[in-house]
Amino acid sequence: MSERYDPQAVETKWQAQWERRGTNSWTEAALRNAKDPYYNLMMFPYPSAEGLHIGNLYAYTGADVNGRYWRLMGKDVFEPIGFDAFGIHSENYALKVDKNPNDLIPANIANFTRVLKRFGGMYDWNHTVNSTSPDYYRWTQWIFLKLMQAGLVERREAPVNWCPSCKTVLANEQVIAGLCERCESPVEQRELPQWFFRITDYAPRLLANLDHIDWSDVTKKAQANWIGRSDGAEVDFAVKGREETIRIFTTRPDTLFGATYMVLAPEHPLVETLATPEQRDAVGSYRESVAKQDLVERQKVDKNKTGVLTGSYCVNPVNGAEIPVWIADYVLMGYGTGAIMAVPGHDSRDFEFASAFDLPILRVIAAPGEEADTPLAEAFVGDGTLVNSGEFDGLTVADGKRAIVESLAARGVAEAQVNYRLHDWCVSRQRYWGPPIPVIHCQRCGPVPVPEEDLPVEHPHLDDFRPDDSGVSPLARAKDWYETPCPRCDGPAHRDADVTDNFLCSGWYFLRYPSTDREDMALDPQLTRKWLPVDCYIGGNEHAVLHLMYARFLTMALSDMGEIEFDEPFTRFRANGLLIRDGRKMSKSRGNVIVPDSIIDRYGADTMRLYLLFLGPYEQVADYQSRGIQGPHGFLNRLWQCAVEAVAGDPDPTVERALHRTIKQVSEQVPTLQFNTAIAAMMEYLNVARAGGRKARKAEVEPLLVMLAPFAPHIAEELYSRLGNDGGLFETARWPRYDEAKTAADTAEMAVQVNGKVRGRITVAVDLAEADVIAAAKANENVARHLDGKQLRKTIVVPGRLVNLVVG
RNA sequence: GCCUGGGUGGCGAAAUCGGUAGACGCGCCAGACUCAAAAUCUGGUAUGGGCAACCAUGUGAGAGUUCGAGUCUCUCCCCAGGCACCA
């Protein structure tokens, strides 16, 4: 190897070395016997045909630095990787290029593996997961069956989200502002029998546990927001002249006296009954027009309110007032009871509707200074006291809520109620590329779970796997596979032709990694106990309400079934920021995508890793600006020169002080993921160590190499061995320690302020008495000029930092 | 509309238990090496004024607290992300 830094040669050499020595991988026995386990996880990629995205590598580099750091701290670090290869994303791409995913995926995985090795991740290639492999999806199906046994799976005919382009149903989480998450088509509503996981059973726990897991705040807030707890009450309104009552949900029972009409969702089951003969036609055509809307249209907040009268009237239980019942599309069947009492005086949507249809608007809350008859120009939603509310007048909003619910509850027409926005997880997909749902539909027995010993239900190979609009999965076309006898009665039956949502595959992969050597069970109890839950998980926040929510739910469910002993999968989660390019999102259509291979070819993986983490704070948006890569590249070149020319001898005191300060800072900042400033500190230290062209001492360089090793593992290994160390840095070295006493200097430069403005600087001994510091400050020429002829009123000394002389 | 982040040089950013604003890096300028260029190395680089010493201004806007505010308080504005007719 030449004396010049040659990244390609160094990186090839050390990657081969690690592989040969098994530096990063575990045997099954070693996994079982690990003394101080640390499970370092990153989100397994979807192996696209375009290749690994630099954004993935941004996340992986940070996570890998964390894993390598803990390894140097002496932990037994398990850092697995795998491939999330089932799912609509892979299938849609295959359709686009007119190939079969069965052929595409293996090639993509091979390409991803190549780049992941090239980038220098500390991956254990002995424990990988491929979600499309039968020895993985067998256990995905097993989890489905387990959930079924636990009563957490339901087959329901319900209005579901249908993507007309992907031709499948979608979970709520996969609908972004009314559009399909994958193809951005407007999503329609369809009534179809589907499989649901009862994640809503876990809503209270999913929310409550957020308080005691160490996760990024943004992620926790997004989850809390998505779960969407709201406290209120359900109230029954009698229908005038009929037996039925309408149950509504409200968070504002204090405004019951202000209810001037009722609204049902157009899909509400009572609509048929309540429509009077005169209104029947109008109601029918309104329901039809609503049914035709896609979600984008229906969810537009700024469109004009529409609705029609049913012709029926309800009786307000607080005062006996008779109020008309309307139907309108601003009330949703999927939330609460699908019916509301409308209080236009104190709800802006009701106000808008009442204004449009000329309905009465009553004030029942008054802010301080307002009278009971102060007119309302808009809905008043603020705090205040109750007015026009009979015996409840004068109560605060909070007291009014309590008192009114109590009084109605005593009559049996209301009860306090908590609602969640979270919906049950619709998991069936009418697509080809996923694990088949392990259920057989028997003409006599109905849906029958596939017996565990018959798993996996192998995914049949189809040449024509194109989805259609029928709502039936393409798998039904594989007749030999589809038609099968009932496992219970042996009568005629067929398999469930749907596949499960890809998020079921990714919802438990981290549980599997330690157990991949086991073919006879999903989770080895001993290994699971040793390695899980995950110590640190790093990944993009776009999965806050998708993957991360589902993984938590599945973990809780498996925990309740006794399959595992913890109910939160990730002890610590950190969301890395989004990687953008020159201020804009990277996308193929903009043509501003960075291809990792090209960066590694030109600068090497070490420079790329260092540069990605030097861009800015890891947990915030990072802007990739191509020209900036010169900085870290030059740094590694200077480090190379400095290290190969390093000489023996004791460290210079100035350099040694800088070293101890650097170790202190980097040791504090790496575990908290403040990578950019940790790198800056190491750069600064190198500048000190080679200042004025001096030759650095080996003892000055070696600790720097160890600190840099998580960031730039290849060059660190090479230089470490060139300094005369055998056996490999990651196998023999330990994270350097600093001595607090050696971080301190004898003298300090202090700023001298006069009335808060810096007028001079003095260099004094750190232990100089305060009086002497003040004297030295006054002696400064420029300071003296500013003090001249003025009365000194006050003196403030901040030891080692500044002196402020206040004059009047 | 609600919930998160964030707003600091030409650019990416540092510094927030209140204490020298701009560390580190990019870019730019000058110099060295070179026939020349690239690469590399050295020095400079917030803005305005001044030969300089220095002076004034400066962390989205405005007010406040303080000896002292990028940092704390109040009122706004803007950008990014999430949620959104959720009653």
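Numbering (my numbering), first residue to last: 6 to 813. Every residue gets a Cβ at the ideal spot worked out from N, C-alpha and C, and that includes glycine. Computed from a predicted structure; not experimentally measured.
The C-beta separation of D129 from E84 comes to about 6 Å, placing the pair in contact by the 8 Å criterion. CA-to-CA, the gap between N324 and I253 works out to about 17 Å. Per DSSP, the unbroken beta strand (DSSP E) holding S317 starts and ends at V313 to V320. Ranking G794, P804 and A714 by CA distance to the CA of M127 puts A714 first. The DSSP assignment places complete alpha helix (DSSP H) segments of no fewer than 4 residues inside the stretch 564-632 at 601-608 and 610-619, in order along the chain.
If you look at T17, you'll find it isn't in any beta strand (DSSP E); it sits in the alpha helix (DSSP H) that goes P12 to R26. C647 sits in a helix when the DSSP states are folded into three classes.
In this structure, the beta-carbon distance from L211 to I181 does not fall below 7 Å.
DSSP lists no beta-bridge partner residue for G698. Taking C-alpha positions only, K225 is separated from E650 by approximately 50 Å. By the criterion of a C-beta distance shorter than 6 Å, E186 is surrounded in its chain by Q179, once the five residues flanking it on both sides are discounted. V158 places its beta carbon 7 Å or farther from that of V165. Cβ atoms of L641 and Y63 stay farther apart than 8 Å, at about 19 Å. Counting along the chain, the unbroken alpha helix (DSSP H) around S95 starts and ends at I93 to K101. Between the stretch 309-323 and the stretch 287-300, the count of Cβ pairs shorter than 8 Å is three or higher; the stretches touch. Cβ neighbours of C171 within its own chain (closer than 8 Å, five residues either side excluded): I93, N97, C185, R187, C188, S190, R436 and P472. The beta carbon of M688 sits closer than 6 Å to the beta carbons of F640 from its chain, once the five residues preceding and following it are set aside; these are given in chain order. Here I569 is buried: its Cβ has 16 or more other Cβ atoms, across all protein chains shown, within 10 Å.
Judged by their CB atoms, F358 and A384 are not nearer to each other than the 7 Å cut-off. Ranked by Cα distance from P718, the options R143, D459, R123 and P538 are led by R123.
Positions of the alpha helix (DSSP H) runs, each at least 4 residues long and wholly inside the stretch 197-251, are given as 208-213 and 222-232 in order along the chain. If you draw a straight line from the Cα of D307 to the Cα of N177, it comes to about 22 Å. Annotation for L807: the continuous beta strand (DSSP E) segment containing it runs L807 to V812.
The Cβ atoms of L724 and A648 sit closer than 7 Å to each other. Inclusion of G451 and V301 in the CB contact set at 7 Å is not warranted, their separation being larger than that value.
The three-state secondary structure of P111, taken from DSSP, is helix. Following the DSSP letters along the chain, one finds R37 in no beta strand (DSSP E) but inside the alpha helix (DSSP H) bounded by residues E33 to N38.
Shown here for I634: same chain residues with a beta carbon closer than 8 Å to its own, the five before and five after excluded, namely I604, Y608, T612, M613 and Y616 in chain order. Apart from the 5 residues on each side of it in sequence, R577 sits with its Cβ closer than 6 Å to the Cβ of D219 and C541 in its chain, given in chain order.
The C-beta separation of V778 from R798 comes to about 18 Å, leaving the pair out of contact by the 8 Å criterion.
Taking the Cα positions, K700 is about 41 Å away from P42.
Note that the C-beta distance between I251 and C319 is below 7 Å.
In this structure Q194 is buried. Its beta-carbon is surrounded by 16 or more other beta-carbon atoms within 10 angstroms.
Within the DSSP bridge table, the entry for F254 names E239 as partners.
Shortest Cα-Cα distance from V671 to any of R368, L710 and S433 involves L710. With a minimum length of 3 residues, the unbroken runs of beta strand (DSSP E) contained wholly in the stretch 41-102 fall at 42-47 and 81-83.
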